[in-house]
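So the structure is just underneath, and the comments pick up after that.
There are 2 protein chains.
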Amino acid sequence: MDAKITLPESELPRSWYNVLADAPTPPQPPLHPGTGQPVGPDDLAPLFPMDLILQEVSTDSEIAIPEEVLDVLRLWRPTPLHRARRLEQAIGTRSRIYYKNESVSPAGSHKPNTAVAQAYYSARAGRTRLATETGAGQWGSALALASQVFGLECKVYMVRVSYDQKPYRRVMMETWGASVVPSPSPDTNAGRAVLEQDAESPGSLGIAISEAVEDAAGRDDTSYSLGSVLNHVLLHQTVIGQEARRQLELAGETGVDVVVGCVGGGSNFGGLALPFVRDKIAGAEIEIVACEPAACPTLTRGPYAYDFGDTGRLTPLVPMHTLGHDFVPPGIHAGGLRYHGAAPIVSQLVLDGLVRAEAFGQKDVFAAAIEFARSEAIIPAPETAHAIKGAIDAARCADEAGTEQVIVFNLSGHGHFDMGAYDAYLHGRLEDFELPEAEIERALKAIEDLPKPAGVSV
Amino acid sequence: MDAKITLPESELPRSWYNVLADAPTPPQPPLHPGTGQPVGPDDLAPLFPMDLILQEVSTDSEIAIPEEVLDVLRLWRPTPLHRARRLEQAIGTRSRIYYKNESVSPAGSHKPNTAVAQAYYSARAGRTRLATETGAGQWGSALALASQVFGLECKVYMVRVSYDQKPYRRVMMETWGASVVPSPSPDTNAGRAVLEQDAESPGSLGIAISEAVEDAAGRDDTSYSLGSVLNHVLLHQTVIGQEARRQLELAGETGVDVVVGCVGGGSNFGGLALPFVRDKIAGAEIEIVACEPAACPTLTRGPYAYDFGDTGRLTPLVPMHTLGHDFVPPGIHAGGLRYHGAAPIVSQLVLDGLVRAEAFGQKDVFAAAIEFARSEAIIPAPETAHAIKGAIDAARCADEAGTEQVIVFNLSGHGHFDMGAYDAYLHGRLEDFELPEAEIERALKAIEDLPKPAGVSV
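Going line by line, the protein sequences match chains G and W.
Residues in the first sequence are numbered from 554 upward in steps of one, following my numbering.
Residues in the second sequence are numbered from 554 upward in steps of one, following my numbering.
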C-alpha cells in the first residue's frame, strides 16, 4: 500500500467550508472595546478589506475560493496525506495513523493558506500594502510570500527578542521582499511609547499587534492581517480538512475515529478539524482533539469569556477561552502556541463538547517529535509535535482498549528553523514548566470587569 | 494547466539507469594510489559492501532497486515536477521552464536517494555502522536519516569550521540519531596528526575524508559512505531523471531542449541528466548544461587527469576534470560545490561533448535565486541557484534566437539552512571572487607527476 496519498490539482477544493452554517451554537459577536456594543462592518473597515469582513460574519456553508487564490495555492497544494506506517511500527500500535503534510508549503507551514487569500482580497480592494506582527516568524514569512505574489508591500513588526535571536526567519521574509522591523519600533506611537519607558524592551506579541494595527489604521493604502483566531482565517484553512477527507476515502477508509491538531490561535487545528466537525454534527462518531502546551493551557484551564486579543487592549473584545490578555506564558519552544486566547470558533466547539482539549508538557512533546522524526523522517515544528503526541496517545489508548482506530493529525509545519530547540532537548537542556494556579488566577483578574458572554457561567 | 505534475507511487522507477552501458567512451579505471595499477574489488572491500563495488563497475543498463529501498524512497518520492510558469512570466520568456523538486525530501535535498541505498546494502552485508564526512552537512544529514531507517550507527566527521558556525545541520543529524564530531578529531590517527600540528585547525573536507576512511577501514563492522563522485552514487540518483522524463510526457511535452543541473561532485546533475544523456546518445537533440561556480571551475578550467579524491592522497586515483587535490576554493556560500574534482562519469561526458559546462559568479547566482524565490516561492539552496541561473540564461538565449524551448532543471535542495547567505546578499555583504590563473596553475602542479589517462592530452 502507498505511503502517501496525493491528489491531482483538479481535486484542490474550490470552496472553503464555513462551520458557522452548521455549528449548534451561533457565535457571540465581538464587542467594540469602547462601547461594549457588537462590532459592525464599518468598525472593521479601516483594518480589513470588506470581502474579509463579510466572510468573518457569513453563515453560508460554502464560500467560493477565487481563481487567483487557487492559482497560488496550487504551487504546493493539494498537500500529501501520509500513512504513518513506520511510526505505527515504532510504537507497536494496531491503529492506522495518517498525517496531513502542510510542511510542504514554501514557508514551511499551513500559514500561507490564509495569507494568500488575505493578500488577494486586499489587493482587489485597491490596497497596496499590508501590515502585520510576527513572533518567531512563521506568520510573517507566510504573509511576506503572499504579498510578493500579489505585488503588495509588506511591513512586519517582529518581536524584538525573536528578531535578535532568530534572524533566519527575518531573512526569509526579506528574501520575499518584506520590510521587517524589530518591535517595539520607532515607527509607531505605540512603539515609541514603549521605547521611551524602556529603550531595551524585548517586545511582545501584544506590543507588535498594537504597532501593526496602528500602522494599518492610519493609512488608507494598508490592510492589517492576522494569522489566526479570526473566523475568516479558520475558513481559509479548511482546504486542509477537505483534502484530508477525500484522501482518507482514496486510502480506502470508510470513516475516521480520531482527528488531532495543535492549538495556538486555532487555525491549523480548525483547518483540519472543521470539515470533520461537520461530519460529527451530522452524526458521525469522531473524537476531535485539540492539543495545547501545559505551559499555556488556554482551552483546558481558561474560562470562556470576553477578552482582548492583545495585551494593549486595542482590539475588539472576543468571546473565547482565555487566560487573560496580560498572561505571559513561560518560554516554551513552541512559540506559535504561546497565545493567551483561542479562536472563538474553536472555543465554542470545546464549550459545546464537540472538541476535547488536552495539554502536554514540553519534554513529552519533544519525545514524541523525536519518535516521529526517527520513524517518518520529517522533523516537525515544536508546535506540530503537540499533535503528534496527541495522535500517539490516541493510538496507545485504542490499543489498551483493544480497538483498532483510524487517527489523522495535522503535520502543520517542519522544524527547520527550530533546530536550537532540538539541540536543547537532545543535550538535556530543555525544561518543563510548572504553571502555578495562582498565576492563572492573577491573569484572570484582568478580565473580571469585562462584559460576559450570554448564557455562560464563567 | 497544472502547476506541477505529480506521479503516483506506482510510477516510482523500479530500476536505476546505468549510463556506462551506453556511454560512447568506456571510463578509465581508478588506480591504486600505491601501485598505480587499476583498483580491484578486493582493494575496496574494506570500505564498501560488495553490492556497491559491483555496481561501481557494472555495465548493465538497468539495475533493480531493492524493495526495501523503494519502501523508504516512497516516503517522499516520486517528487513533483513543477512548471515554472510564474518564473517564465517574471523573466518574460516564451520558453517553458520545468524544475524537478528534490527539496521535498526530509533532509531537504536529493542526497537521501543514494544514502538510503548505501545504508541498505551495508546493513544487508551485515555491517552495523557507517562512517562518513560532511562539510556544511547536507550529505551527513542524509546519511544520518538513512542509517536511522536501517538501524545502523552513523558516525559523521564534520569539518570543524562548519560544526562551529552552522550548528543546525549538526543538530539535524543528531535528531536522526547520528554521532557527530568536529574534524579534525582525536578519534583517528589522521585527526590526531593534524591536531598535534594545530590544535585550533578549522579542518577541511580532505581531512574529514581521511578520518572517515580510516575509521571504516579499521573496523569490520563499518562501511564508508560517499555522497557524490562515484559511479554507484550517480546511479542511485537516476530516479530523478527517470521520473522527470515521465512527468514531461504527462505534461504533454514531446521532447526537451535543455537539461540543467549544478555540479559539485556531480550527483544531482547526473541524477537528472543521465537518462536524458541516454536519449541524446540515441539521437535526440538535447543541450545538457552543467553549472558550476566560477570560484571552483572544475569542469570549465580543470584538465581531465588522474587525481586523488582527497587532499590527504589516501583515495584511489580517479580520472576526472580536476583543479588539483590541494586546490582550496574561495569561501563561496555554495559549500556543496567547493570540490576540486568532478565525477568521472560527468567528466567523461564533458570530454565527449555530450555535456557542456558553464561557470557563474556568486552574485549572479544569488540574483537568480531571489528571482526564483519571488516568483516560484521556494527558497533554493545556493548550490541549486547555479542551476536556476543556467536555466534562466538558456531561456533568455532562446528568446534572443527567436525560439521557444523546453527547459528542465534540477531543484536539488532548499535553502532553509543557508539563510545567512541570503542575509549577506540582501544586505550587500556578498562578494564575488576572482580566481587568478596563477592559483590554478599552482594547484595543478600537484598532479603533474601522477599517471595520465590514456589517449588524453592534459
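Heads up, the beta-carbon is just placed ideally off N, CA and C, and yes, glycines get one too.
Task: Touching by the beta-carbon criterion (3+ pairs, under 8 Å), the stretch 803–816 of chain W and the stretch 951–962 of chain W - done: Counting Cβ pairs under 8 Å, three or more are found: they touch.
Open item on the list: Just to confirm, is the Cβ distance from Glu840/G to Ala637/G under 8 Å?
Closed with: It is not a contact, given that the beta carbons lie outside the stated cut-off.
Open item on the list: Just verifying my parser: in three-state terms, what is the DSSP assignment at Ser736/W?
Closed with: strand
Open item on the list: Applying the 10 Å Cβ sphere with the 16-neighbour rule, what's the burial state of Val1011/G?
Closed with: Because the pLDDT at Val1011/G is just 48, under 50, the model does not fix this residue reliably, and the point stays unresolved.
Task: Asn963/G - partner residues in DSSP beta bridges - done: DSSP, once it has assigned bridges, lists Lys653/G as partnering Asn963/G.
Task: Straight-line Cα distance separating Ser776/W from Cys698/G - done: It should be pointed out that residue 698/G corresponds to Leu in this sequence rather than to Cys. One C-alpha to the other measures close to 44 Å.
Task: Beta-carbon spacing of Glu1016/G, Gly794/G below 8 Å - done: The requested residue 1016/G is not part of the displayed model; chain G covers only 554 to 1011.
Task: Nearest-angstrom beta carbon gap, Leu705/W and Ala660/W [assumed within contact, 8 Å] - done: About 16 Å separates the two Cβ atoms, so there is no contact after all.
Open item on the list: Can you pull the chain B neighbours of Leu698/W, defined as C-beta to C-beta under 7 Å?
Closed with: Of the protein chains in this structure, namely G and W, none is chain B.
Open item on the list: Check whether chain G comes within 8 Å of Val657/W, counting only Cβ atoms and requiring the distance to be less than that.
Closed with: Output row for Val657/W: interface = yes.
- [ ] Look at the Cβ atom of Cys815/W, then the Cβ atom of Glu911/W, and state whether they are nearer than 8 Å.
- [x] no
Task: Within 9 Å of chain W by C-beta, residues of the stretch 711–727 of chain G in sequence order - done: Pro720, Tyr721, Arg722, Arg723, Val724, Met725 and Glu727
TODO: Compute the distance between the beta-carbons of Phe925/W and Pro935/W, then report whether it is under 8 Å.
DONE: no
- [ ] Please name the residues in the stretch 604–634 of chain W whose beta-carbon is closer than 7 Å to at least one beta-carbon of chain G, in chain order.
- [x] Arg627 and Leu628
TODO: Out of Leu852/G, Arg798/G, Gly587/G and Thr791/G, point me to the one whose CA is closest to Gly818/G's CA.
DONE: Leu852/G
- [ ] Take Pro897/G as the anchor and find which of Val610/G, Leu605/G and Asp595/G has the nearest alpha-carbon.
- [x] Val610/G
Task: Min CB distance Val1011/G to chain W below 8 Å - done: Residue placement at Val1011/G is poorly supported in this model, since its pLDDT is 48, which falls under 50; the coordinates still yield a value, given next. No, Val1011/G does not count as interfacial toward chain W.
Open item on the list: Excluding the 5 residues flanking His789/W on each side, which residues of the same chain have their C-beta closer than 7 Å to its C-beta?
Closed with: So the list reads Trp569, Asn666, Thr667 and Ala670, once near-sequence residues are dropped.
Open item on the list: Residues in the same chain with beta-carbon distance under 7 Å from Gly905/G, minus the five sequence neighbours each way, listed in chain order, please.
Closed with: The question names Gly, yet the displayed sequence has Asp at residue 905/G. Setting aside the 5 residues that flank it on each side, Asp905/G is surrounded in the same chain by Pro577 and Thr578, each with a C-beta closer than 7 Å to its C-beta; the list follows chain order.
TODO: On the DSSP bridge assignment, give the partners of Lys708/G in chain order.
DONE: Ala684/G and Ser732/G
Open item on the list: Quick check on DSSP: helix, strand or coil for Asp575/G?
Closed with: In the structure shown, Asp575/G sits in coil (DSSP, three-state: anything other than H, G, I, E or B).
Task: CA-to-CA distance, Lys664/G to Gly780/G, given in whole angstroms - done: 7 Å
Task: Contact set for Ala598/W: own chain, Cβ-Cβ below 8 Å, skip 5 residues either direction - done: Hits under 8 Å: Ile606.
Open item on the list: If contacts are defined as beta-carbon pairs under 8 Å, then Ala826/G and Val908/G qualify, I think. What distance do you get, rounded to the angstrom?
Closed with: 7 Å
TODO: Consider the Cβ of Pro586/G: report whether some Cβ of chain W lies at a distance smaller than 8 Å.
DONE: So, not an interface residue.
TODO: To the nearest angstrom, report how far apart Ile834/W and Ile650/G are at their CA atoms.
DONE: 47 Å
Open item on the list: Is it buried or exposed, His785/W, if we count other Cβ atoms within 10 angstroms and call 16 or more buried?
Closed with: Counting Cβ neighbours within 10 Å, His785/W comes out buried, since at least 16 surround it.
Task: Cβ-based neighbour list, Gly587/G, same chain, cut-off 6 Å, excluding 5 preceding and 5 following - done: none
- [ ] Please check if any C-beta of chain W sits within less than 8 Å of the C-beta of Asp863/G.
- [x] no
Open item on the list: Would Tyr975/W pass as an interface residue toward chain G - the criterion being a Cβ-Cβ separation below 8 Å?
Closed with: yes
Task: Own chain, CB closer than 6 Å to Gly966/G, minus 5 neighbours either side, in chain order - done: Ser656, Gly661, Ser662, Ala934 and Thr937
- [ ] Run the CB neighbour count on Ser563/W, radius 10 Å, all protein chains shown included, and call it buried at 16 or more, exposed below.
- [x] exposed
Open item on the list: Using beta carbons (cut-off 8 Å, strictly below), is Ile945/G in contact with chain W?
Closed with: no
TODO: Please classify Val1011/W: does DSSP put it in a helix, a strand, or coil?
DONE: Low confidence applies to Val1011/W: its pLDDT is 48, below 50, so where it sits in the model is not reliable, and the reading given next is rough at best. Looking at Val1011/W - three-state DSSP - the assignment turns out to be coil, as it is neither helix nor strand.
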